[in-house]
Amino acid sequence: MGGDVLSTVLDPRLPAPFARELAADDNEGFTIALLTVADGGWPHQALISVGEIVALDDVRLRLATWPASTATRNLLATGRATLVAVVDAEVFAVRVEVAPRESGLELQVFDGRVVEARSDTAPYATVESGIRFRLHDPAAVSSRWRATRSALRSLG
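To get the working numbering, take the position in the sequence shown, counting from 1, and add 4.
Listed below in structure tokens is the structure:
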């Protein structure tokens with residue numbers, strides 16, 4: 005069984021397929037698992053959408069989380085996260101170092117820098133999708149996403 009899954013270390017930058025998914029302001033359904041480390045060393049998973057993250061370039065990201073969330077608390081404590089998403093039959097895991105920044109938004113904003121990227125595939129199976137969601141009010145949510153993403157990009 006060992007060796008069946010192919011885990012490939014990539015250049016320390018946002019993989020192009022992942023970046024492509026982040027580029028669309030209204031990419032409904034695309035979900036990223038935001039993995040952090042909680043108190044006691046246990047993993048914590050939060051789910052974010054393109055409404056909470058922008059790629060500034062292939063190494064720098066900016067993300068926004070709810071101030072009272074466990075993910076925010078963990079990011080403030082450790083300055084680290086892993087972003088996991090399925091794109092084009094590959095599972096991408098992107099490790100980022102983050103630092104909080106002032107934004108004037110009601111959300112906690114973090115500047116992130118990619119420090120490692122991996123791609124996982126298996127020769128015996130195809131990953132067809134990752135976690136996906138469906139919006140209850142697409143128009144309202146898309147409007148909020150566009151506003152948040154615009155604010156994240158304009159922070160300089």
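Cβ atoms here follow ideal geometry from the backbone N, Cα and C, with glycine treated the same way.
Starting from V145, trace the alpha helix (DSSP H) both ways and give me its first and last residue. P142 to S158
Among G45, A126, I135 and L18, nearest to L10 - alpha-carbon criterion: A126
Can you tell me which of E120, A20, P71 and R24 puts its alpha carbon nearest to the alpha carbon of E110? P71
Looking at C-alpha atoms only, which residue of L87, P104, V63 and R17 is the closest neighbour of L51? L87
Hey, out of V98, F96 and D115, whose CA is closest to R105's CA? D115
From G45, D29, Q49 and G44, pick the residue whose C-alpha is nearest to that of I36; which is it? Q49
Given D61, which residues of its chain have a CB within under 6 Å of its CB, disregarding the five upstream and five downstream residues? none
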